[in-house]
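Going by my numbering, the first residue of the sequence shown is number -7, and it counts up by one from there.
We put the beta carbon where it would ideally sit given N, CA and C, even for glycine.
Following: one structure in structure tokens, then a few remarks.
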Amino acid sequence: MSPPAVLVVGGSGYIAQFLVHHFAQSGCQVGLCYHSTLPPSLPKNVTAFKVDLVSGAGLAEALTALTAGGRPLTAVINCAAISQPAACERDPAAAEAINVPTKLLDALEQWWAARQVAAAAARGGGGEQQPAAQGAQQQQQTGQQQQAEQQQQQQQQQQQQQQQQHGKKLGLAKLLSRISAGAAGLVHHHQANGSSSGADANGGGRSSGTGGMRGFSSGGPRDRNGATGGSRGLGSGRYGTSGPRLGGGADGGGGGSLGGGTGGEQPPLLIQFSTDQVYDGSKQRWREDDECRPVNAYGRSKLKAEQAVAARWPNHAILRSSIIYGPDPPLAPVGRTLFLQFIDSVLQDQRPTPFYVDEFRSPVRVRDIVRVVQTLIFRQGELKHRLFNMGGPDRLSRADMALAVAEAHGHSPACIQSVPAASVGRRGAGGVAVVSPADISMDSSRLEQELHLPLTPFKTALEHIFKAHDHHDHQ
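Quick look at the structure:
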């Protein structure tokens, strides 16, 4: 059996690189969709596809090529976004064209419909021969009986011929009836086993498989269809995850839970990254069922993305991510300084830098995200919910985070300037004002309880990242 496939959209970005690397190591065939920036060196079982999420160009070709020869596609992970709030405010329509995955959903629906038609034709082609043979046999028996009953008279012979013709029509009608019934049964089978049209938004069809994803957090620009950046030296290479491996191999689970069950191939799990900025910041510890009233264009575009995915692809999981932190990406640098690396470089150089004391987030470790994605894919048929907050257990201001990094890495905190957000004019390129929610700390207990995955406290994660410890983000 072919190893399962995973498609990562926006695959040159920060979290996407960790996921591409992880699932490639797990033995999966990985498709990496990019628009303008491609890592210079990729694992041998990773295939790159140039796509445009605004026009949809390249998406159909990527899906077709990745699943050639009947290879099962187990997950599609949408990591692409314009996530810089100022860029979204400057051109909301352009941001929405990429952040709302309309063209990706179009391509998925068309690919899956074609896949189902091909499967139905393959199954129906073998199933029509038996009813056809039975119909011909019935016609022959009817003709023989009529001929035996009306032998001597010309009138009876003419009647016999008419009856034979009538018998043929009846036989054909029976045959068509059986073919129609068989096709209806096949459609029912696909719907009962999880086709994209046969499941509700909270308990959609199962898939088989493996996958990856990408979060959106604070920070700078990405390329047109994807990627946040990386910076200076927290190391790169391998990163640890716990839980089962995907795709087989000596330490893998083989193909038993991947690639579709005996009832036929199931639609892939679509993992869509969203953001904590769908919340308006008016309280702390937001939960998934709280009303969303985003205060900026970025949050509004991501909320529309959630709604589009939930409406059009039942087998989905939406992850509202906070600030993502971890070591340098494993495949290539990205186009901006990452949050943790920025703090560490400021402290190392002792550059006086303001950090807000009155804006709160729930930073989440990259290693935890990989584990979340892996577990979602393995357990997608058991999910009670399809929408999850994905933030770490701590409610921290940026000043809190900077002080924690100073302590963990042995830097002096003297250069940390703790200031209220209102004291710093927040404008992007071109002088565009950006509204930022004050408190979008999240309660992620739904994710922890449903997936049985505790998320790592910020200080504990920093010890793992900065010090020689048994549990590294790189393995």
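Item	Value
Assigned exposure category for Lys95 - 16 Cβ within 10 Å defines buried	buried
Pick from Ala398, Gln441 and Gly327 that is closest to Ser337, judged by C-alpha positions	Ala398
Beta strand (DSSP E) segment containing Gln264, residue limits	Leu261 to Thr267
Member of Leu311, Pro346 and Arg107 whose CA lies at the smallest distance from the CA of Ser389	Pro346
Check whether Ile432 and Asp268 have beta carbons under 8 Å apart	yes
C-alpha distance - Leu311 paired with Tyr317, whole-angstrom precision	16 Å
Inter-residue spacing [alpha-carbon to alpha-carbon] between Met393 and Val427	21 Å
Where Ala40 falls: helix, strand or coil (DSSP)	strand
Reduced DSSP category for Asp386 - H, G, I as helix; E, B as strand; rest coil	coil
Cβ shell of Ala(-3) (< 7 Å), same chain only, five flanking positions each side left out	Cys20, Gln21, Gly23, Leu58, Thr59, Arg63, Pro64, Leu65 and Thr66
Closest Cα partner of Ala309 within the set Gln264, Arg279 and Asp341	Gln264
Beta carbon of Val12 nearer than 8 Å to that of His27	no
DSSP state of Pro77 mapped onto helix, strand, coil	helix
Expected contact under 8 Å - CB spacing of Glu88 and Ser293 to nearest Å	5 Å
Residues bridged to Ile361 [DSSP beta-bridge criterion]	Its beta-bridge partners do not exist; DSSP assigns none.
Rounded separation between Leu97 and Arg378 - CA only	17 Å
Gly273 Cβ short of 7 Å to the ligand HEM heavy atom set	The model depicted lacks the ligand HEM and carries no ligand whatsoever.
Contacts around Gly48, its chain only, beta-carbon distance under 7 Å, and the 5 residues preceding and following it disregarded	Lys95, Asp98 and Ala99
Per-residue burial, Gln(-5) [other beta carbons within 10 Å of its own, 16 or more giving buried]	At residue -5 the sequence reads Pro, which differs from the Gln that was named. Buried: at least 16 other Cβ atoms inside 10 Å.
Those residues which DSSP pairs with Pro346 across a bridge	Gln409
Where Asn91 falls: helix, strand or coil (DSSP)	helix
Where His308 sits in the DSSP three-state scheme	strand
Spatial neighbours of Cys284 in its chain, beta-carbon cut-off 7 Å, leaving aside the 5 residues before and after	Val270, Tyr271 and Leu295
Span of the beta strand (DSSP E), counted from its first residue to its last, around Leu65	Leu65 to Asn70
Local Cβ density within 10 Å of Ser436, reported as buried at 16 or more and exposed below that	buried
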